[in-house]
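Q: Under the working numbering, the first residue of the sequence shown is numbered 405, with each subsequent residue one higher. Beta carbons: idealized from backbone N, C-alpha and C, even for Gly. Because the structure is a prediction, the values reported are computed rather than measured. Here it is: the structure, laid out below.
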Amino acid sequence: MKNNKFGFALIGYGGMGGWHTRMLMDLSDIIEIRGIYDIDPARNKKAVADGFNVYPTLEDLLNDDSIDLVTVAIPNDDHKDVCIKAMNAKKHVICEKPVALSSEELQQMIDAANKNGVKFSVHQNRRRDEDFLSAQKIVRDNTLGKVFNIESRVHGSRGVPGDWRNQKKHGGGMVLDWGVHLLDQLLLITDEKVVSVYATLSHVTNDEVDDGFKTIITFADGMTAHIEVGTSNFISYPRWYILGENGSAQIDWEVKGKIVMVSDWENRDAVPVVTAAGLTKTMAPRTDDTIKEYPLPVIKADCKDYYRNFVKAIKGEEEMLVTHAQVMRVMKLMEAILKSGETGEVVKEII
Ligand SMILES: NC(=O)c1ccc[n+]([C@@H]2O[C@H](COP(=O)([O-])OP(=O)(O)OC[C@H]3O[C@@H](n4cnc5c(N)ncnc54)[C@H](O)[C@@H]3O)[C@@H](O)[C@H]2O)c1
Numbered sequence: 405m406k407n408n409k410f411g412f413a414l415i416g417y418g419g420m421g422g423w424h425t426r427m428l429m430d431l432s433d434i435i436e437i438r439g440i441y442d443i444d445p446a447r448n449k450k451a452v453a454d455g456f457n458v459y460p461t462l463e464d465l466l467n468d469d470s471i472d473l474v475t476v477a478i479p480n481d482d483h484k485d486v487c488i489k490a491m492n493a494k495k496h497v498i499c500e501k502p503v504a505l506s507s508e509e510l511q512q513m514i515d516a517a518n519k520n521g522v523k524f525s526v527h528q529n530r531r532r533d534e535d536f537l538s539a540q541k542i543v544r545d546n547t548l549g550k551v552f553n554i555e556s557r558v559h560g561s562r563g564v565p566g567d568w569r570n571q572k573k574h575g576g577g578m579v580l581d582w583g584v585h586l587l588d589q590l591l592l593i594t595d596e597k598v599v600s601v602y603a604t605l606s607h608v609t610n611d612e613v614d615d616g617f618k619t620i621i622t623f624a625d626g627m628t629a630h631i632e633v634g635t636s637n638f639i640s641y642p643r644w645y646i647l648g649e650n651g652s653a654q655i656d657w658e659v660k661g662k663i664v665m666v667s668d669w670e671n672r673d674a675v676p677v678v679t680a681a682g683l684t685k686t687m688a689p690r691t692d693d694t695i696k697e698y699p700l701p702v703i704k705a706d707c708k709d710y711y712r713n714f715v716k717a718i719k720g721e722e723e724m725l726v727t728h729a730q731v732m733r734v735m736k737l738m739e740a741i742l743k744s745g746e747t748g749e750v751v752k753e754i755i
């Protein structure tokens, strides 16, 4: 550490690499960006044009003693090797998500961190999405009474982006790309053990990797979660849909939505919904005098807290917020989803 600042280097100056450097510019009081390495000379040229020092090789970066901390933001299949190299060079490492392609790879990375006595974490930035924080608070505070189902979805309509993300060898596919965020969030909403997973994978635009998936996850207390990623959805469902015994919540991006609570459960009479083919009271909407609408809780977040925490964890001042155990649990859940999607079977033994 020089001048009381952590020396930082970035590996991979693509879309997400650029995001990391922009974020770190606001943290210049604790972290100094000392250089970048990208395997593509054109990206290194861009880094120079953007005013950064560039290392000619990965080895040059890893041999620089002024670098304490490295962020790895490269395609998923190279995460393991590059992170382990960096940890063997005694650098603290932040890896982009998904951390690896399998739990075996992840274990090798954790072993490298332990062997070298360095901190190793994964950039699970969507823990600071405010829609998630709102959903988490609603469930954890029992706002809706006992929650029995959580639905969390992201829907796009552009297929899988056409670079490395659509190729299996690079760790493409939507389970690994977006599933990792939604599952990480889900496991922070409940502490219950996962008892079973059933999933289907979609291949609407891409045969090689999944371009979306749906999964039903059952927890030990009976709560279910429906997690879904779609890339051929020209009409999007709400981001979150949560059902409790006394109410429901709908949350969209930017914390738009509502909570609706039952105010008079016993008053169940309804004006029937009548269609040409029949009528129903069971499925008719409740009358306004028996329900009450509430605004969603809004919890503000700062994504730079991720780096602030990592630096404090290196100094021994705080526990790392994204732990090895958490990322391993998410990895095993993704493996179960892929296995269920490929076999059509329910997977039961999950941590
Ligand atoms: N946390 C998030 O919100 C988020 C968002 C987007 C991407 N990501 C993750 O970030 C990583 C990178 O994604 P991206 O969208 O930036 O991809 P990208 O294709 O835009 O950029 C990847 C960069 O890595 C470089 N590269 C490839 N192999 C390399 C190697 N071995 N050494 C050095 N450089 C190498 C490429 O030349 C490219 O410039 C992926 O793991 C992705 O899942 C995370």
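Report buried or exposed for Ala653, applying the criterion of at least 16 other Cβ atoms within 10 angstroms of its Cβ.
A: buried
Q: Pairing CB atoms from the region 630-644 with CB atoms from the region 613-620, are three or more of them under 8 Å?
A: yes
Q: For ligand 1, is there a heavy atom less than 8 Å away from the beta-carbon of Asn492?
A: no
Q: Are at least three pairs of beta-carbons, each pair with one atom in the region 532-543 and one in the region 688-704, less than 8 Å apart?
A: The region 532-543 vs the region 688-704: in contact.
Q: Taking 8 Å as the cut-off, is the beta-carbon of Ala453 closer than that to any non-hydrogen atom of ligand 3?
A: This structure lacks ligand 3; the ligands present are ligand 1.
Q: By Cβ distance, which residues of its chain are closer than 7 Å to Tyr645, with the 5 residues on each side in sequence left out?
A: The residues Glu555, Gln654, in chain order, have a CB closer than 7 Å to that of Tyr645 in the same chain once the five nearest residues on each side in sequence are set aside.
Q: Counting beta carbon pairs with one atom in the region 658-675 and one in the region 710-728, are three or more of them shorter than 8 Å?
A: no
Q: Do Gly575 and Pro479 have their CB atoms nearer than 9 Å?
A: Yes, the pair counts as a contact, with Cβ atoms nearer than the cut-off.
Q: Can you tell me whether Ala705 is helix, strand or coil according to DSSP?
A: coil
Q: Look at the alpha carbon of Gln511 and the alpha carbon of Pro642, and state the distance between them as a whole number of angstroms.
A: 35 Å
Q: Could you check what DSSP says for Glu658 in three-state terms: helix, strand or coil?
A: helix
Q: When the Cβ atoms of the region 727-744 are set against those of the region 456-471, are three or more pairs found closer than 8 Å?
A: no
Q: Less than 9 Å between the beta carbons of Asn736 and Ser507, yes or no?
A: In the sequence as displayed, the identity of residue 736 is Lys instead of Asn. By the CB criterion at 9 Å, Lys736 and Ser507 fall inside the cutoff.
Q: Only counting the same chain, and skipping five residues up and downstream in sequence, which positions put a Cβ closer than 7 Å to that of Asn570?
A: Val564, Gly576, Asn610, Glu612, Val613
Q: Return the first residue and the last residue of the beta strand (DSSP E) that Gly634 is part of.
A: Where Gly634 is concerned, the enclosing beta strand (DSSP E) stretches over 628-634.
Q: Regarding Lys484 and ligand 1, is the C-beta to nearest heavy atom distance less than 8 Å?
A: no
Q: Buried or exposed for Thr727, please, with buried defined as at least 16 other CB atoms from any protein chain shown within 10 angstroms of its CB.
A: exposed
Q: Have a look at Thr604 and Ile631 and give me their C-alpha separation to the nearest angstrom.
A: Their Cα atoms are separated by approximately 11 Å.
Q: Starting from Phe617, trace the beta strand (DSSP E) both ways and give me its first and last residue.
A: Phe617 -> beta strand (DSSP E) spans 616-623.
Q: Just the Cα atoms here: how many angstroms apart are Asn650 and Gly549?
A: 5 Å
Q: By DSSP, does Thr547 sit in helix, in strand, or in coil?
A: Strand.
Q: Using the DSSP secondary-structure output, state which residues sit across from Tyr698 in a beta bridge.
A: Tyr698 pairs with Ile663.
Q: Is any heavy atom in ligand 1 found nearer than 8 Å to the beta carbon of Tyr417?
A: yes
Q: Where does Arg760 sit, in a helix, a strand or coil, going by DSSP?
A: Outside the displayed span of the chain (405 to 755) sits residue 760, for which this structure offers no information.
Q: So Glu777 packs on Met429, CB below 8 Å; how close in whole Å?
A: The structure shown does not extend to residue 777, since the chain is modelled only from 405 through 755, so no value can be given for it.
Q: Closer than 8 Å: is that where the CB of Tyr441 sits relative to any heavy atom of ligand 1?
A: Yes - ligand 1 has a heavy atom lying nearer than 8 Å to the Cβ of Tyr441.
Q: 9 Å is my cut-off, CB to CB: does Ile434 come that close to chain C?
A: Reference to chain C is not applicable here, since this structure consists of a single protein chain.
Q: Counting pairs of Cβ atoms below 8 Å between the region 680-689 and the region 590-603, do you hit three or more?
A: no
Q: Could you tell me how far apart the beta carbons of Lys708 and Leu414 are, in whole angstroms, since I believe they sit closer than 8 Å?
A: About 16 Å separates the beta carbons of Lys708 and Leu414, which is beyond the 8 Å limit, so they are not a contact pair.
Q: In terms of DSSP beta bridges, what is Trp644 paired with?
A: Ser556, Ile655
Q: What's the call for Thr619, buried or exposed, on a 16-neighbour Cβ count within 10 Å?
A: buried
Q: Let me check you understand the geometry: is the CB of Pro479 closer than 8 Å to at least one non-hydrogen atom of ligand 1?
A: yes
Q: Does the Cβ of Lys501 lie closer than 8 Å to at least one heavy atom of ligand 1?
A: At least one heavy atom of ligand 1 is nearer than 8 Å to the Cβ of Lys501, so yes.
Q: Tell me the DSSP secondary structure of Lys450 in three-state form.
A: helix
Q: Would you list, in sequence order, the uninterrupted beta strand (DSSP E) runs of no fewer than 3 residues that lie entirely inside the region 458-517?
A: 473-476, 496-499
Q: Among Asp485, Gly583, Asp442, Val452, whose alpha-carbon lies nearest the alpha-carbon of Asp464?
A: Asp442
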